[in-house]
Each structure stands twice: as C-alpha cells, then as structure tokens.
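Working notes for the structure below.
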C-alpha cells in the first residue's frame, strides 16, 4: 500500500544494471542466459527428491526472477552495512545473527578449508536512518543473489531497503533461499541468480492473541512473535484483558491485576516493554487492546466499584466517572509501553441488561434521558476520546460501526469479525477497516481448512480504488477459550501463513484456482520450514486445525 | 540405585554442622526454630493466592527440610566453583548460565541499587573430576539455601555433589525453589532455610522418541532433551530408524539414508554428535536404537539386497552375510557417535513370513536346519555379538526374552513393553530390565490419565532385594505414528513428568493414595513451570493426553 520501492544508491544501480545487461546480452554473462525467468511456481512439477526445483518462498514476493545456477554459501558469511541507516543498524545486525543461526543451523559452523564459496558476503544497504516502527513503515526491499565472476563486479548478496524493516523482510527471504544440502553438507542457493523486488500488498498484517482466557508466559508470546516474522506478519494484536482475567500491571491502579487468575499469571510493565521491544527488533508492531465496556468483568476484582453491582458485573458501570478515570489511568500507563499508533478499544458483544437492572445505573440512564443503546454509544465515544487524547487512533470491533456509524470518530478503524460485507460498508462511509471475518480468519474455528483461509479476500466487494486504499489489511485471531500455551502455535500455524501470503503477495499471483496444488506444496514446504525452526506448526492437510497427522509420513506431504 | 551421597568437604561439613546445631539449639539461630520441619506436601492445604505455601518441587527430593523464612535472591547471583571437579566445571558453568536465565527471566537483570539481597552467591562443590556420563553415574547432591547472618558463617546457596551431573540436578532443584514475586518484582525463596539431600531411586530414567514415523528436526529434539532435564530424566532413547524411514547418515553405507522420507528429513553424523553433546551438557545419556530384524524395511531403499525380495521386504534377509556386514558397519559408525554403554537392538514384532515365502531364504533355512523361529533367534544373537564386539551392552525389546530367554547374552537388558509381569520374570533369570509397560508408559496411548502413569511401579511383583537391583529403571515411550514436531511435546508433557517422579523419588513418599490430590497440585504447578520455560505441556486434568483445555481458566487448575 504505502510502501515505495527503495531508492537504490549508485553502487546498487550499477549492480542491477549489470544484472539486467546480462539478461539482454547473452554473451556478456553467458551463465545467466536462458536461465533467468519469471518463476512460475504453479506450473513447476514438484519433486521432493529434487532440491533444484524446490526453492520455495512464502509469502510469494511481488516480483522476482531466477536462474538455474546452484551457488554455495560461506558459513562465515560476512556482513557489511551501508547507507544512511547507520543509527538503526543494530536492528539489522541483530537480525543478521539470528538468520545466520537459522541458515547455518545444520551446517558446520566454520568454512571448510580449501573450499571457495560462491557467496561470501552480505551487503545490506538501508537509506533511511529513521527506525521508528509504525503503520505504513516502508517494508519494501530488493534482494540480489548472484555469483562473483572474475571479470564482473556483480557479486555477493545485496539487500537494499529504505528502512531497516524492509531489510528485515529481505533477510527473511534470503533465509528461505538458503537450503542445507545434506549430501554436500553445505548451504546452497538453487536457481540463482535471484533478483527480487518485493513489498507488501497491505500495511496491516496482523495476528491477535488472547492472553485473558488463558495466560501465556512471556517466552511463549515471544515464540509467537518470532514465528510471525517468518511469515512477514507485522502487527501483534495483544488482546491482553477480558472478562476472565486481568493480567497486566497498571501502576496507576495497582489493584487491577488482582483480576489475574493467580499471582503468577501476570505481566509486569517490564514484561510488556520487553515484548514490545522484542517485536520491534523483528519489525512487528504491538497493538494493545482494552476492550470496553463489555468483556471487562475481571477489572472489578481489584475495584468492585467498576461493576454495576456485586451481583451484576458486566458491562462496566457507565454511570460513574470512576469508570472513565480508570480507563484513563490504564491508557495513560499503557501509552508509555505501546508506541504503535493504533489502539484497540474493543466495544464488541455488549449485553447491557445489568445497566437496566441495577437501580443506580437505571436512575442515571433516566436522568440523562438515555436508552441502554444510547449509553453504549456514549461509553464507546467517551473511551475513544480518551484514546484520542493520548494521540492514539482508535480501533473498534465492528459492532460499534454497525450500531452508530455516523457517530464514530472519523479516524476510527473498524475491525470486522462477525462476517463478510462489513469492510465494504465501512470504507464506503470513509472509515478504515481491518478484515477478520470469523468464518475464515478466526483460528479457533478448527473446521476451517487452509485453503478457505488462503482464498479469503480483504477487498472482496470493494471495487473503488480509493475505497480499497481504506482497507488497512487483515488479521487472523487466536482466541484462547480452548487454546493455551500447550497448543496455540499449532492452532496458529500453518493457517496463519495462508492469511499472511494473502496480505503480503500480489492478488493476481495468488488468486487463480489453478495455483491451488502448487500453493499447497509451497505451504507444506513452509510448514516444514517452521518445524525446522522449532515452531510446532501442524500438518497442512489436516481436516481440523491443529489435529495430529493421521499416520506416518514425510512432513512435506501431510 | 548406585548413587552415593556426596562426600562433603570440610567447609561444607562446617556449614551443615551449624545448620543442624541451629535445629537443636533454638537460641543459637532462633529464626530456624519451630520453622524447619519435614515438608509434608500432601498435608498442606493448597492456596494458589499464597506463594508461601507453594514451594513445589518436582520430582520430590529424597530428603529435605524447610523453614518459614522468605529470602531474596540477587539477580547478579555470583557463582563459585570448587572441589576437584575443575576439569569438568565448564558443564556446571554453562548450566549456571542457563538456570540464571530461567530464574531471572521475569526479573530485572540487574540488582536494584540500595537493596541488600539475602542470597548473593552460589557455591558449587564437585568432588570428582571425572565428567564421563554413563549409566549409574553419581547424580546425588546436597543443596543448602540459608540466609547469611552477621554472626554466623551459614550463608549463600551451596550445592555439593560427587559429580558434575549431581550438581546439574541440584541446579534444577534450586531453580524450582526460586519464584518470581510479581509484587516485589524480586526472585524469592519461600520456606527457607532449605536443606535437601537428594539422589535418584533408579539409575535409568528414560524417554524414547521415534524419529522414523515422523522426522524431528534437530532443534525439536533439543527442545525435548532440554525439557527432560527439568524433570531429571537422564536417558534419551533415540529410536532413530524404523520401517518407514532411515534418516541417519552412515558413512560406511552411504546409501542407507536414501531411506529417508526426503533429502531434507535426515540427520548427519554431525547432527547426531551435536545431539549427544547437547544432552551430555544436561546430564542426559543418548541410547541409540537399531531395531533388527523387523522394523527395518527402509534400509532396503538404499540397499535392496537387504530385503528378502523386492516384493517381500521385511524382516531383513537373514540368509546373507551382507545383512550382518551392514549391521556391523552401522554399529561401527554409530559407536563413534554414541558413548553410552547401552545400545538398543530392538528385536520386537518380527513377522517372519517373508523368510518362509522367499525361495532363497527358505532354502537357506533348510540348509541350516532352522525354523523361522530359530532364524529369528540366530539373527538377534548375531546382532548382539556385533554390539558386544563394540563394547556395547545390548538392550532388546521383551520379545527376544519371551522367545528364547536362556539363549540371550547374560548382559542383555530386557526392555519390557507388552504388558506387566515381564521384569519380574527377567530379573528372576538374572537379566536386568527396563520397565515400559505400554498400558501405562506409552505416551501415544492418549487415554491413559496422569495418575495411571504416576502410580505405575517398576518393581511391581519383585520382592527380592537383589532382584530389585536388576531393574535399572523405566522409560516412557513417544511413538510417532500420530505424533510429529507439531504435537510431540504436549503428548510427552506433563505425563512424562509423572513417570519421572516415580523413577526419581522415594517409593514411600509418593505411593500413598492420599497423596493424590496434593500430587496433582504439585504436578499442575510443574506443568505451568514447563509452560513458563516455553515447553508446550498440556493440561494435567485432560481426559485424553495432549487435548486442549475445555474452557478458560488458570494454568494451575487445568
């Protein structure tokens, strides 16, 4: 969406110039001749015994050409950072170490003596020194992998990007091109030379995790975020709180986390900061959610005044200023933790019966000449004002839009979930929208197979280009009623990857029905890549999400 | 079994002397008075909102006393190694760093200024400099955690052990005593002072993983081994090969791993060495298995001559010397990887029909005047000879014992699986035995609840003390027909922990039926500890193994 192609520097222009020259003049670099071609993955016949046909990438880059060379990669691959992005180079340097560990995991850690490797150096060029991670940050990158010939200046591996976050995406792509060859015991890049120019289709590519229905230790949240980066997802929507538990420390209201299940199932401010920082190092934003006025019963364990009464405990008491003081306090404390521009205010599934049945609230409604429906609107809008006062853009679940579209702050991002057709209505009224249709993108719906996830389309029903621009992207949701640290990752993966490609890759290249079988093979390859990285991704062909394989067999065909 | 209590050095004798003096003379160290007592976990009422009642250990140490003090632990805890075990101190030092990361995961990484912590130093005393890890290695240790009083020399944390592997067990116990307090944001030890003298009940406490029915990447195997160390299991039985796939590289017969599912689902020699080394650093032996003559169909993909015929492919062809040459070659190559004294030769579930129906094998049987039953015995014994020639102690599944007990090499370790009652028969004939009754200790039997695993008893039916000594221990088995990297860990945990306590802890302290409810709470606590360490252990109260929680709730009560 908002991503631009990186502006190449002179050296890179020269590299790419020679690269394209080589395509035009066969005699110049004969090895490239007849080999570079647009990879037509859905036409290639998959043979799992033939590595050279199998350089799969997930999600599919927007533009790429490849050849038919096989290049060796030096385990001592060196790293050179250049460009104006020096201030933020630590982000790329740390990522380089992570990816080096991934790429050379199964290989000898040192170069073999006497062996001259084709690829010995990785150049990363970053043009901007702004390392602020935000919605719409430039994630585009170019990646060139080509052999260094004696009489050619084409050489090494080059990633060029406008921001460090684009460089991170390029590193992920590079890591997927590098395959350990068990015969030669060497890391190889098949089908070189590669020239990839890539950028995301949508700027918001999210995954939510509900840490209220079950508590997830910080290490597990980090595992989820780490795995998101492998699929180039970029927003971790942290549904921290809900009616069942309030695990987060709020210094201004220190009794709130008494609503945690136990004294250990909690997140300190430092825990949350660490999660945000861990995510930023992987180019992933953290969008926090404080769901009001429903889904908030747990708040009252620390402050019972937030309940309409001790016997009628949801939604939050709309009649008291104290309620909004607490929301203000929570948001003020969270503002210091979560720098992301979007803040989720929930607003879904509000049953207002308690307001009507609790005498003092009912009286308040009468005094203010409000129905419960009016009071719901009043609550949501007042919460929006608090978020806006903290310079946050409010996100609300679609019920708020469905109930009072003309009253919502125009900055509001409408978060679809109930079904199809909401984003078209929201963007028609000028709102931005996030697509999470539960029929396809709720990961706890275990009966949704990978292809239903894959072929879901955030722009479905939106023809107008300017309206399409208002769809920020989409999000798969991991609700935790029956998921916990023991099974969330295999509920998330591989189906979240299907959505990740939908959100990253060109619609045309990934929408034709005849891509189905090759996409399936590519997704199976990615699922096995996840397991190699220690992520317990479930078999792709499962009839139900996260179910076990039905019998012995290869990872690549299950 | 073979573990002895560590021989304390003078300094430690002094420490322990003062500790016990304090118990006898209340005025000497009054804080210990009336507080140190043998912890009676099954009598304590569990309150999850009260950390001080909740210092749970798993598996239960053999002897321990505790008090009622709460001590703070310095995030900059220093580490001092002493004793004769200097040569092997790197094992403890690396473990100290691992455990420091675990203990201070949720805490500030640096000491708070102005705060004086009660526990600032960890002394580890190791008496032996022999770091060879073998069956029966001394895993005993003493652990003293007590406050440093101005006029007392009692101080710090002291772990004393005869071997580095005992010190590792002590570090695990210490890590379980350290609890992060979310209120104070400090790591605390409740119920101090602690004095623990601990050693395992059985010397063989195993977990097997079948990497043939599904391939497990090296990282996943490491995750399994790491988690085993948390439950003080000490033998990783690697069922590498089976009829479905042959993933291991065998330099002497380089076509064998053509029997892998794909060219990526393989283990190089270096991979296997890395697994052995990773396990050793955690005090875990790796027992490799080459299952013959059945369960070996995959061998013939590289060497079809190993099959009786191309249409009748199991068991291995008993009639050819080539078959035994290949076994010799495999074992010779594996001997360089696996230093553990025990080597598993399988021998189970052999259907000899192919031998009878393949003309050249049938002819060979007739020439040698053998029935197929004789040939099965001939094969097993010849394989045993090969293992013995490599100075390996052969382990065989119980079918070999059931079929020809008097012929087996007397060194043979009989591995029970089919049902109860085998170990009593085996030890009565002087064989050693490993207990893995499938009705209780096969983890792929998902209908076995935690308490059936827990109350299984390896010495069931064995009264004679000298015969009891022949039971090396037991093993829980993770077969992979319907398990793979996406779900093995939650199939293994928490039920493997139930077996781990049976194998480590005193029978008396863990066998009474009235321990049931407190044991359940302690196991739930351990399950949550595993999730905190990033291990996806399933809810304890699941009706079926590895099934999801049935609704929202705390980790500690599911």
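Protein chains in written order, with the UniProt record's numbering: chain A, 1 to 558; chain B, 1 to 558. By construction, the Cβ of each residue, glycine as well, lies at the ideal position given by its N, Cα and C atoms.
Rounded to whole angstroms, residue 320/A and residue 478/A show a C-alpha spacing of 33 Å.
No residue range can be given for residue 258/B, since it is assigned to no beta strand (DSSP E) and is classified by DSSP as neither H nor E. Separation of residue 377/A and residue 535/B (C-alpha to C-alpha, rounded to the nearest whole angstrom) is 43 Å. When C-alpha distances from residue 421/B are compared across 381/B, 65/B, 471/B, the shortest belongs to 471/B. In the three-state DSSP reduction, residue 168/A falls in the helix class (H, G or I). Taking residue 546/A as reference, the option from 532/A, 519/A, 529/A, 483/A with the minimal CA-CA separation is 483/A. Listed in chain order, the non-local C-beta contacts of residue 506/A below 6 Å within the same chain comprise 62, local neighbours out to five positions each way being set aside. The CB of residue 490/B comes closer than 7 Å to the CB of 486, 487 in chain A, given here in chain order. Rounded to the nearest angstrom, the gap between the Cα atoms of residue 72/A and residue 140/A is 26 Å. Under the three-state reduction of DSSP output, residue 415/A falls in the strand class. Within chain A, 105, 532, 533, 534 have C-beta atoms less than 8 Å from the C-beta of residue 219/B, given in sequence order. For residue 359/A, the three-state secondary structure derived from DSSP is helix.
Counting other Cβ atoms within 10 Å of its Cβ, residue 343/B reaches 16 or more and is therefore classed as buried. Around the beta-carbon of residue 373/B, fewer than 16 other beta-carbon atoms lie within 10 Å, marking it exposed.
Between the C-alpha atoms of residue 125/B and residue 83/B there is a straight-line separation of about 5 Å. Close to chain A, meaning a Cβ-Cβ distance shorter than 7 Å, is no residue of the segment 287-319 of chain B at all. Assignment of alpha helix (DSSP H) within the segment 234-304 of chain B, counting only whole runs of 4 or more residues, yields 269-280 in chain order. Residue 440/B and residue 214/A have their C-alpha atoms spaced approximately 29 Å apart.
The Cβ atoms of residue 330/A and residue 250/A lie closer than 9 Å to each other. Nearest to residue 276/A by C-alpha distance, out of 256/A, 235/A, 346/A, is 235/A.
Residue 271/B has a beta carbon lying within less than 9 Å of a beta carbon in chain A. In the DSSP annotation of this structure, the continuous segment of the beta strand (DSSP E) that includes residue 141/B starts and ends at 141-145. In the DSSP assignment, residue 124/A is bridged to 81/A, 159/A. Residue 192/B: member of the beta strand (DSSP E) spanning 186-192, first to last residue.
If you check the CB distance, residue 66/A and residue 208/A do not come in under 9 Å. From the beta-carbon of residue 268/B, the residues of chain A found nearer than 8 Å are 106, 182, 185. Under the Cβ distance rule, residue 175/B does not count among the residues neighbouring chain A, no pair being separated by less than 9 Å. Considering only 134/B, 89/B, 178/B, 94/B, the residue with the shortest C-alpha distance to residue 118/B is 178/B.
For residue 213/A, the C-beta contacts it makes with chain B under 7 Å involve 552, in order along the chain. Apart from the 5 residues on each side of it in sequence, residue 491/A sits with its Cβ closer than 8 Å to the Cβ of 443, 444, 446, 478, 483, 538, 545, 546 in its chain, given in chain order.
Linking residue 97/B to residue 93/A through their CA atoms gives a straight-line distance of about 24 Å. For residue 472/A, the enclosing beta strand (DSSP E) starts and ends at 471-478. Here the alpha carbon of residue 161/A sits roughly 17 Å from the alpha carbon of residue 504/A.
Judged by their CB atoms, residue 302/A and residue 254/A are nearer to each other than the 9 Å cut-off. For the C-beta of residue 549/B, the chain A residues within less than 7 Å are, from N- to C-terminus, 214, 482, 484.
Counting along the chain, residue 331/A sits inside the alpha helix (DSSP H) bounded by residues 321-335.
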